[in-house]
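Chemist: Have a look at the structure that comes next, please.
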Amino acid sequence: MKKVFLILSYLFWAGILCAQQQQSQITGKVISQADRLPLPGVNVIVKGTVNGTVTNEEGEFTLTVPNGLQVLRFSYIGYTSQELETRIPLSAPLTVSLLEDQVTLSQFDVVSTGFQELSAERTTGSFARLDTELINRSVSTDIVQRIRDVTPGLIVLQDNFSIGAEPQISIRGTSTIQAENQPLIVVDNLAYDGPISSINPNDVESITVLRDAAAASIWGARAGNGVIVITTKKGKLNEPVRVSFNANATWGQEPDPFYQPQMAINGFVDLEVNLFKKGVYNGDFNSFMKTRLSPVVETLFRHRNGLLSDAELNSALSGFRAGDVRNDLRAYFGRPSLNQQYALGFSGGSERYTYNFSTGWDDNKSNRVTEGNSRFTFSSNQNLKLLNNRLQVGIGTYLALSQNQTALPDINNFFPYERLADEEGNPLSVYRSYNERFKEEVRKTNLLNWDYFPLDEIGLSPSRNQANDLRLNANLGYKILPDLSFSTFYQYWTNSTSGRRLQPLEAYATRELINNFSEINAAGQVINNLPMGGILDQNNLNSHSHTVRSQLSWQKNLGKNQVLNLLGGVELKDQQGNGTTKRFYGYNETIGLSLPVNYTTFFRQYALGFTSSIPFADNFTGTVNRYLSGFLNMGYTLKNRYLVNASARVDKSNLFGVKTNQKSVPLWSVGLGWIATEEEFWEADWVTFLKLRTSYGYNGNTNTRATALTTGNYFGAGSNALVGFPFLGIVTPPNPELRWERIKIINTGVDFELWKGKWFGSVDVYQKQGLDLLGQLSVFPSSGFNSAVLNYASTSTRGVDVNLNFKTKLGAVLWTSSFFYSGVKEKVTEIQNNPTTAQIMANQAGAEVPLLGKPLHHVHSYPWAGLNPDTGAPRGILDGEPSENYSRLIQLSEDQLIYHGSSRPTGFGALRNQLDWKGWNLSFNISYRMGYYFRDQSVDYDNINRGIISHADYDRRWQNPGDRTSIPADPGRVDSPRNMFYLRSSALVQRGDHIRLQDIRVAYTFSNPKFRDFQIYSYVNNLGILWKASDRVQDPDFRFTPALRAVAFGLTMSF
């Protein structure tokens, strides 16, 4: 028996040793044949078996294969599959290059999460990726305009009520109320704290938008609004020096001061004459406030006082009727814009070293005189592989120096018929601040000239802002084992912004302030309490951050066609900022000195007689935000068809609750995927690829203005003459129970490719819930505060993203078409205090006024019952009947108001077509926005009856019985309830739905052996609206200033 046991043991161990000797472990790398970049997620299978693996983010793989002659099959969506016959064991690692399938323009590219690069085919998250070609299709100096109308789920919104405001980015709706509502920006694997406008689009290789929890939750408490991952250009291994150059110039239309509908000048003059006859201006004429009166009214008073004859009055009124200040605004303040952009880059690499250096220069002249901005950028990326490629070291530098300047005076407060220059172009003074009788008295004194000449002010008070943005990063990666890698990343970011505005003594604002703080003694001498000289305002803001992240990555082939990927690590971030604002009086630009002033004494104002202290503008600010995070990500693939992804992250911060468990928030996600076309039973050849996926998890959001502790502003002794000593103004009261905002996201999607890539796309359906949302809420006065920042609301968002692409060849023409539709429906599901009707109706701009059961941005109106046919008075509905009881109509309860819908598009998208033929390329983009409303402007009768010019609807108003119009009659007096009812009535609510031809691009690529690439192109943007639901002339998305057309010409080359 013992001998039998020994024999069996011998045979067992001999079999094991024999089996081991018959198998070998092979390694290799898969790259793209076109650009030599590694391909992650490539399927590597021993043909005829289920033994296989997938490549990691470096394109590398490890696989145990039986010895002897074997056939390895490499397959990757979007590339031609390749079979390689080789004898095992290998004498050296394999390097396999795959050729991109020219028939397929696949969506399954490599996507970056900022932590790792993945094949989109192998993920369960929802991504949108823009490659270099799409990013460079449009011409713009900033990234925001380049991603507009080409990214499913992402919309760029223009603020119609803040002229000059930066456009806002929204990814899948809004899930916060008063916290940060912009997506997180990640550049080269780490969060970027600077403005996205500092990034030069010419330095960008690709952009990935992370839209759901599976894609973005690894970013934790800053991912609630989505994540935009930007990857900059890098050099490539074994590539000779590549020099690239891009230059373009863009000409834009000059501003159109006639865009806003305005009542006729002739009618406005008649209006002022009628108001004068009614005595409306008598109180202003005799007011101690020395109220500014219009030229027409001043002329009428001069005539009444016997200073003008009837003929002189009629002549003057005729001159006013013929005038229009908008003509002078166009002639002297507007111009065509010109933007110039240049970029030069060098890249390449050897067997172990890669590099990319680039520099850019933008020079932009605005369409308003004296305004412009410029930017210089420099970037470098260098990577070195050591220790037989086991150690990788990378360093990067990004510098952006930008400057914007203006010396434009205030051009928004003119009377409509004023002239800024005479027939010969000589500057004229205009009415400003006070009436002419007061200024005539001033001219008899030794005070400074109190007249305002707008044309003389052009270029007189230069304002300049400079921003220096520097980002330094370093990364180190070490392959500990074939399956285990360690990486660490460091980023230092600093931004210094300085502003300077000098208003010299000659400037009207300086002269007015000095005069007002002057006294005239009995001898007629002027005593200046404010020193003679200019006024210099300076501000400086310095911010910096340190970010460190270390992580371990493990990819293991578990056998039986199973692959496991694990990623885990920690991240630390310290962000600080400080700012100063200073004002200098009596400033002499030549010697750079100013004079001291007395901030604590009250001085009598010369014009109005009341007392006031000299304006104190000095201010100091400081912030410190710190974060500590831990994260874990897992990806599991079974038989190349079953996918499981999970991630978790814990964020801690110094911002939130004082208790340890409130200082942190755990956020996580889980995703499942099934690649149906990998199943053995799949027989539908026309379906090349089909993947079903679903995910569930939580992202987060922060509000850096809200903290658990008391915050306040300190004020110096001279900042308030009433107090006279330093004091603290509390900004936020303490709230130790403050919690992080959380965003719950459920996403289900399908990715498909049909007829070998002729059709491909994706469909995503999602639901988001905003929990513990922060906002400013009224509190009991007994607490010592009027309001506090609390967790007080919840929201719900449902939506769908559809992306459909088509590509085919029609003879020598390659036709590519891309369509996307994004639908978003959101509402407030919980709120502690609902707003009052007055708060709802005061929300003319469609801003965030949370209302239970409605979207954050909503439009309500008073019910409209038309005009009284006999009087032309507007009518509403009260107790089911037409009514003119305006005091009660404007106090209707919420359920009596008309709810129209969202003030932001609930459906948007674009259709982009591209034709390629023998070097020629033609593409055009048609965008659309649907399902939203806006409140249109109309005549404001309160302003009219105060002598303020109003909307052109005044010329279409009801005047006689039988008039067919919806514009009410002029009440002939100020009637605020009537006026408010009309301006907030449903008669003025319009649908914003529209379709526009966004742009057209034409390019030609030369075939020249001396160049790798040589292309000239032209680009036209903002071509106009093709259709809109509103009957108004104005663009629904640009209601105050038009979207000006721009034409660009450029060239790009590389050699």
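According to the UniProt record's numbering, the sequence shown is numbered sequentially starting from 1. Quick reminder that beta carbons are idealized off the backbone N, C-alpha and C, glycines included. Quantities reported herein were computed from a predicted structural model and do not represent experimental measurements.
(1) Is the distance from the Cβ of Gly880 to the Cβ of Tyr862 below 9 angstroms?
(2) Do the CB positions of residue 1070 and Asn633 come within less than 9 angstroms of each other?
(3) May I ask you to report which of helix, strand or coil DSSP gives Asp310?
(4) To which residues does DSSP link Asn578 through a beta bridge?
(5) Have a look at Val670, Glu678, Ala708, Thr704 and flag the residue whose alpha-carbon is nearest the alpha-carbon of Thr694.
(6) Which of the three DSSP states is assigned to residue 1057 in this structure?
(7) Given a threshold of 16 other Cβ atoms within 10 Å of its Cβ, counted over all protein chains shown, does Arg1039 qualify as buried or as exposed?
(8) Helix or strand or just coil, what does DSSP make of His951?
(9) Would you mind working out which of Tyr353, Asn446, Glu100, Ala221 sits nearest Arg626, comparing C-alpha positions?
(10) Just mark Glu57 as buried or exposed, buried being the case when its beta carbon has 16 or more other beta carbons within 10 Å.
(11) Counting only C-beta atoms, is Tyr792 closer than 9 angstroms to chain C at any point?
(12) Given Asp149, which residues of its chain have a CB within under 7 angstroms of its CB, disregarding the five upstream and five downstream residues?
(13) Under the DSSP definition of a beta bridge, which residues are partnered with Phe924?
(14) Can you tell me the Cα-Cα spacing of Ala812 and Lys918, whole angstroms?
(15) Does DSSP put Ser976 in a helix, in a strand, or in coil?
(16) Checking 9 angstroms against the spacing of the C-beta atoms, do Tyr642 and Trp674 come in under that value?
(17) Measuring straight from C-alpha to C-alpha, what distance separates Leu447 and Arg464?
(18) Only counting the same chain, and skipping five residues up and downstream in sequence, which positions put a Cβ closer than 6 angstroms to that of Val1047?
(19) Scan the region 843-902 and note each continuous beta strand (DSSP E) run of 3 residues or more that stays entirely inside, going in chain order.
(20) Roughly how many angstroms lie between the CA atoms of Leu638 and Ala120, to the nearest whole one?
(21) Report all residues from its chain with a CB closer than 8 angstroms to the CB of Arg1045; omit the five preceding and five following residues, and keep chain order.
(22) So what does Phe398 bridge to, in DSSP terms?
(23) Quick check on DSSP: helix, strand or coil for Gly564?
(24) Measuring CB to CB, does Ser653 end up less than 9 angstroms from Thr702?
(25) I think Gly823 touches Gly799, with their Cβ atoms under 8 angstroms apart; what is that distance to the nearest whole Å?
(26) So what's Glu457 in DSSP terms, helix, strand or just coil?
(27) Beta carbon of Ala421, beta carbon of Tyr332: below 9 angstroms?
(28) Going along the chain, which residues of its own chain have a beta-carbon closer than 6 angstroms to the beta-carbon of residue 1139, five neighbours each way excluded?
(29) Just checking my contact of Glu826 with Ser794 at CB under 8 angstroms: how many whole Å lie between their CB atoms?
(30) Please go through the same chain and pick out, in chain order, the residues whose beta-carbon is closer than 6 angstroms to the beta-carbon of Gln466, but skip the five residues on each side of it.
(31) By DSSP's criteria, Asp764 is part of a beta bridge. Which residues make up the other side?
(32) To the nearest angstrom, how far is the alpha carbon of Gly15 from that of Pro66?
(33) Counting along the chain, where does the alpha helix (DSSP H) carrying Met841 start and finish?
(34) Could you tell me the alpha carbon to alpha carbon distance between Asp1035 and Ile995, rounded to whole angstroms?
(35) For Gly48, which three-state DSSP category applies?
(36) Among Val186, Val187, Thr151, Asp188, whose alpha-carbon lies nearest the alpha-carbon of Ser170?
Modeler: Taking the definition as stated:
(1) no
(2) Because the chain is modelled from 1 through 1055, residue 1070 falls outside the range shown and cannot be assessed.
(3) helix
(4) Asn542, Gly622
(5) Val670
(6) What is shown of the chain runs 1 to 1055, which leaves residue 1057 out entirely.
(7) buried
(8) coil
(9) Ala221
(10) buried
(11) Structure shown: chain C not included; a single protein chain is present.
(12) Ala910, Asn925, Ser927, Gln998
(13) Asn913, Ile1000
(14) 7 angstroms
(15) helix
(16) yes
(17) 30 angstroms
(18) Trp251, Val1020
(19) 858-861, 864-867, 874-878, 881-883, 898-902
(20) 16 angstroms
(21) Gly252, Gln253, Val1020, Asn1021, Asn1022, Leu1023, Gly1024
(22) What sits at residue 398 in the sequence shown is Tyr, not Phe. Tyr398 is bridged to Ser379, Arg471.
(23) In the sequence as presented, Gly is not what sits at residue 564; that position holds Leu. Residue state, collapsed to three classes: strand.
(24) yes
(25) 5 angstroms
(26) helix
(27) yes
(28) Since the first and last residues shown for the chain are 1 and 1055, residue 1139 lies out of range.
(29) The pair is not a contact, with the Cβ atoms about 12 angstroms apart (cut-off 8 angstroms).
(30) Gln403, Ser498
(31) Gly749, Asp801
(32) Because Gly15 sits at a pLDDT of 41, beneath the cut-off of 50, its placement in the model cannot be relied upon, and the following sentence gives the value as read from the coordinates. About 15 angstroms.
(33) 837-841
(34) 11 angstroms
(35) coil
(36) Thr151
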